Amino acid sequence: MATAPLRVGFVGCGGISRLYTDIYLGLHELAHVVAVADLVPELARDRAEGLTHGYRAEAAREHAVATGARSDADRESALARAESAEDAASNSIQQFSSHTELLAGANVDAIVLLTAPSVRGGPTVEAAAQGVHVFTQGPMARSVDEADAMLDAAEASGIKLHVQVGSRYSRGMRHAQHAVASGLMGQMAMAKVELNLFRPQSPYFKSTHWHGTWGGEGGTSVFHHGRYIIDPFLFVVGTPIVEVTSYAGAMLRYIETDDLTLSLVKFANGARGLVQSSLLHHNNPLNPTYRIEVIGSEASMVLHQEYTHPDIPTVMLGARENGWECNVKFGSNHDPSLVQRLEALEAEVSDAPVRATEMYQSQIWLESILSNSDTPAPLRVPHHHAEFTRAVYKSQETGQTVALPLAKDDPFYTFEGRLTHGRTIPKE
72 MATAPLRVGF VGCGGISRLY TDIYLGLHEL AHVVAVADLV PELARDRAEG
122 LTHGYRAEAA REHAVATGAR SDADRESALA RAESAEDAAS NSIQQFSSHT
172 ELLAGANVDA IVLLTAPSVR GGPTVEAAAQ GVHVFTQGPM ARSVDEADAM
222 LDAAEASGIK LHVQVGSRYS RGMRHAQHAV ASGLMGQMAM AKVELNLFRP
272 QSPYFKSTHW HGTWGGEGGT SVFHHGRYII DPFLFVVGTP IVEVTSYAGA
322 MLRYIETDDL TLSLVKFANG ARGLVQSSLL HHNNPLNPTY RIEVIGSEAS
372 MVLHQEYTHP DIPTVMLGAR ENGWECNVKF GSNHDPSLVQ RLEALEAEVS
422 DAPVRATEMY QSQIWLESIL SNSDTPAPLR VPHHHAEFTR AVYKSQETGQ
472 TVALPLAKDD PFYTFEGRLT HGRTIPKE
């Protein structure tokens with residue numbers, strides 16, 4: 072069994088790596104980043120330097136905490152953390168130009184894949200073949216065949232593969248999942264999920280950036296952005312989607328992919344559903360950014376989710392303490408006491424944090440490696456999100472209802488199938 076601190080490599084040193092630098096500075100007792108890789112040498116160099124300076128800053132902070140400690144136990148704890156951070160800072164962080172070079176040249180237990188969504192399957196399969204654990208930034212994969220390859224590689228090697236979607240792990244989301252799984256809500260009739268987000272043309276969809284492109288992003292509103300609520304929605308309902316009828320396209324943004332998708336779905340348990348994913352919704356106090364609703368024969372549930380930014384200073388600008396919080400409410404016209412029983416199910420997930428921080432999901436992945444245990448959400452959830460996305464695009468392109476799972480000879484099972492219609496509203 073692996074022991075702490077794990078040796079970790081970063082693959083991809085672009086913008087999102089700043090957040091993960093902050094995260095791993097806070098997790099130095101579990102893991103040390105000992106290698107980084109990027110196609111741009113300057114990015115790899117800057118990330119390595121940032122990590123080293125950050126570990127030193129963490130050590131200095133812990134020494135300051137020790138100086139002001141109110142008890143011997145607190146002082147010893149802070150000094151132990153300071154020593155761990157100093158050990159991390161003492162590593163000479165190796166720099167590479169690719170994941171292949173990193174895997175060959177650095178002795179790592181795990182990699183953190185921080186590339187654009189177009190780069191997921193290859194590094195994961197290569198790492199798994201060498202027994203190296205993988206945490207990948209979401210979404211899981213641009214196509215079902217790539218997601219299948221990642222799952223097969225993880226299962227064959229026994230590594231811990233984790234796909235980033237921190238919103239699965241808040242106490243409210245876990246509570247919602249337990250409520251549906253309990254059966255207390257009765258037969259499910261409908262399940263609905265909404266992403267009501269705003270992404271402007273500028274500066275978000277830059278002409279030189281991969282956002283909004285097939286080659287770089289692989290899908291936008293329902294895929295890249297939608298994962299933060301569609302993925303946990305699939306976790307909550309617990310039954311796969313088997314039919315999809317969709318609109319998907321670019322309504323108001325000049326992009327190759329989609330800024331709005333609307334889907335009617337059928338679940339394996341016979342329930343119907345609605346999946347809305349929009350990047351066009353202006354902020355409105357009456358309209359939550361992330362919403363889930365489930366209607367059962369005996370009770371209903373509504374969940375509002377928000378991404379919160381607590382006023383907690385961190386060493387870097389990555390905001391490791393930012394995170395996801397949910398407000399869950401139940402209703403029943405049949406039996407008011409049923410609401411109380413559903414609310415009481417929160418006690419079953421009291422170990423989950425009210426706010427699932429950016430750092431928390433990395434922490435539970437590292438702990439799953441060290442304890443050889445599973446994280447709360449199975450890999451079938453991000454895999455199903457990838458397949459649902461491909462079905463949405465196929466339905467729009469063919470004008471037909473699409474059955475899941477997709478056949479392996481279907482062009483939308485691979486990345487060959489994509490939207491071709493371009494913008495819906497002509498440019499003025």
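Going left to right, the sequence shown walks through residues 72 to 499 as our numbering numbers them.
For glycine and all other residues, C-beta sits at the position ideal for the given N, C-alpha and C.
Note that this is a predicted model, so its numbers are computed, not measured.
Check                                                                                                                                                                        : Outcome
Quick check on this structure: which residue in Ser228, Ala115, Asp219 and Glu157 has the alpha carbon closest to the alpha carbon of glutamate 172?                         : Ala115
On the three-pair Cβ rule with 8 Å, is the region 162–179 touching the region 107–123?                                                                                       : yes
Comparing C-alpha positions only, which one of Ala218, Val203, Gly202 and Gln201 sits nearest to glycine 209?                                                                : Ala218
So, under 8 Å CB-CB, serine 317 and glutamine 467 are touching, yes? Tell me the CB distance rounded to an integer number of Å.                                              : 5 Å
Mind checking which residues open and close the beta strand (DSSP E) that includes tyrosine 361?                                                                             : 361–367
Roughly how many angstroms lie between the CA atoms of glycine 85 and glycine 341, to the nearest whole one?                                                                 : 43 Å
I'd like to confirm the pairing. Which residues does DSSP put opposite valine 104 in its beta bridges?                                                                       : Val79
What number of angstroms, rounded off, separates the C-alpha of methionine 387 from the C-alpha of glycine 229?                                                              : Bear in mind that a pLDDT of 49 at methionine 387, under 50, signals an unreliable position, so the model cannot answer this.
How far does the beta strand (DSSP E) with histidine 375 in it reach, from first residue to last?                                                                            : 371–379
When you compare each of Leu409, Thr360 and Glu396 to threonine 379 by their alpha carbons, which one comes out closest?                                                     : Glu396
Rounded to whole angstroms, what is the Cα-Cα separation between arginine 118 and serine 349?                                                                                : 33 Å
Applying the criterion that 16 or more other CB atoms from any shown protein chain within 10 Å of the CB defines a buried residue, is lysine 500 buried or exposed?          : Nothing can be reported for residue 500: it is not among the residues displayed for the chain, which extend from 72 to 499.
Where in the region 116–174 do unbroken runs of the alpha helix (DSSP H), each at least 4 residues long, occur, reported from the N-terminal end onward?                     : 143–161
State buried or exposed for histidine 295, treating a residue as buried only when at least 16 other CB atoms are found within 10 Å of its CB.                                : buried
Do alanine 177 and alanine 106 have their CB atoms nearer than 8 Å?                                                                                                          : yes
Take the Cβ of glycine 125 as the centre, count every other Cβ of all protein chains shown within 10 Å, and call the residue buried at 16 or more, exposed below.            : buried
My parser needs the beta strand (DSSP E) runs of 3 or more residues fully inside the region 273–315; what are they?                                                          : none
On a Cα-Cα basis, can you pick out the residue from Ile94, Val82, Val79 and Gly83 that is closest to glutamine 432?                                                          : Ile94
Relative to the C-alpha of threonine 472, which residue among Ala415, Leu333, Ala418 and Glu429 is closest?                                                                  : Leu333
Considering only DSSP beta bridges, list what alanine 319 is partnered with.                                                                                                 : Thr332
By Cβ distance below 6 Å, which residues in the same chain neighbour glycine 297 in space, the five residues on each side in sequence not counted?                           : Leu266 and Ser348
Based on the DSSP output, what are the partners of serine 348 in its beta bridges?                                                                                           : Leu266 and Thr332
Whose C-beta lies closer than 7 Å to the C-beta of leucine 437 among residues of the same chain, with five residues either side of it excluded?                              : Leu77, Leu98, Leu101 and Ala102
Taking only three categories from DSSP, how would you classify lysine 29?                                                                                                    : Residue 29 falls outside the range modelled here, since the chain spans only 72 to 499, and no answer is possible.
I'd like to know whether the C-beta of tyrosine 361 is nearer than 8 Å to at least one C-beta of chain C.                                                                    : Going by chain labels, chain C is absent from the structure shown, which holds only one protein chain.
With 16 as the cutoff for other CB atoms within 10 Å, does glutamate 487 come out buried or exposed?                                                                         : exposed
Rounded to the nearest angstrom, what separates valine 346 and tryptophan 281 at their Cα positions?                                                                         : 25 Å
Does the region 253–264 come close enough to the region 473–480 that 3 or more CB-CB pairs lie under 8 Å?                                                                    : no
Under the rule that 16 or more other beta-carbon atoms within 10 Å means buried, what is lysine 231, buried or exposed?                                                      : buried
In whole angstroms, give me the CA-to-CA distance for alanine 151 and alanine 160.                                                                                           : 14 Å
If contact is defined by three or more beta carbon pairs under 8 Å, each pair taking one atom from either stretch, is the region 249–256 in contact with the region 323–333? : no
Let's see if you can read the secondary structure: which residues bound the alpha helix (DSSP H) around lysine 465?                                                          : 451–469
Buried or exposed for serine 408, please, with buried defined as at least 16 other CB atoms from any protein chain shown within 10 angstroms of its CB.                      : exposed
Let me know the secondary structure DSSP gives isoleucine 440 once reduced to three states.                                                                                  : helix
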